[in-house]
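Asker:
Have a look at this one:
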């Protein structure tokens, strides 16, 4: 299942003002990966009708079929905040179960080639891929 830090339970006690600037926010999905936001995030646009319902599996989607995460999928383009606002900020993404589909060297080259990402690391034993993004 999906999770976040601070937890949904903790966030539900925050005022709108507190929800507008959350430092070190992390959202993840068990056995899929996590996103650690490197700038304060504003969750106020996700509180109606329910933060958990909006955040988990809707605004942040970790795919079941492949190691991919999407923040603000196309169907939410109308509510996607400008760069630097909401969840549309710099982040470190860790994806789990990323299989090397070619030799390790070529695979790391492929991971390095994604222009919107800054490659951080790939661990062939744990199959974890870590990279940074400037925004979503």
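In the numbering used here, the protein residues as written are 85 to 220. Ideal placement from N, C-alpha and C gives every residue a C-beta, glycine not left out.
(1) Which residues mark the beginning and the end of the alpha helix (DSSP H) in which residue 295 is found?
(2) Determine whether the beta carbon atoms of residue 120 and residue 165 lie at a separation below 9 Å.
(3) Check this for me: beta carbons of residue 151 and residue 179, under 9 Å apart or not?
(4) Under three-state DSSP, which class holds residue 196?
(5) Grouping DSSP H, G and I as helix and E and B as strand, with all else coil, what is residue 129?
(6) Quick one: grab the DSSP three-state call for residue 171.
Answerer: Checking against the coordinates, here is how it stands:
(1) Given a span of 85 to 220 for the chain in the structure shown, any question on residue 295 remains unanswerable.
(2) Indexing the chain shown from 1 puts residue 120 at position 36. Indexing the chain shown from 1 puts residue 165 at position 81. No, the Cβ-Cβ distance between residue 120 and residue 165 is not below 9 Å.
(3) Residue mapping note: residue 151 aligns to position 67 of the chain shown, counting from 1. Residue mapping note: residue 179 aligns to position 95 of the chain shown, counting from 1. Going by C-beta atoms, residue 151 is nearer than 9 Å to residue 179.
(4) One-based indexing of the chain shown puts residue 196 at position 112. Helix at residue 196.
(5) Within the chain shown, residue 129 is the residue found at index 45, counting from 1. Residue 129 falls in the helix class under three-state DSSP.
(6) As a working note, residue 171 is residue 87 in the chain shown. Reduced to three states, the DSSP call for residue 171 is coil.
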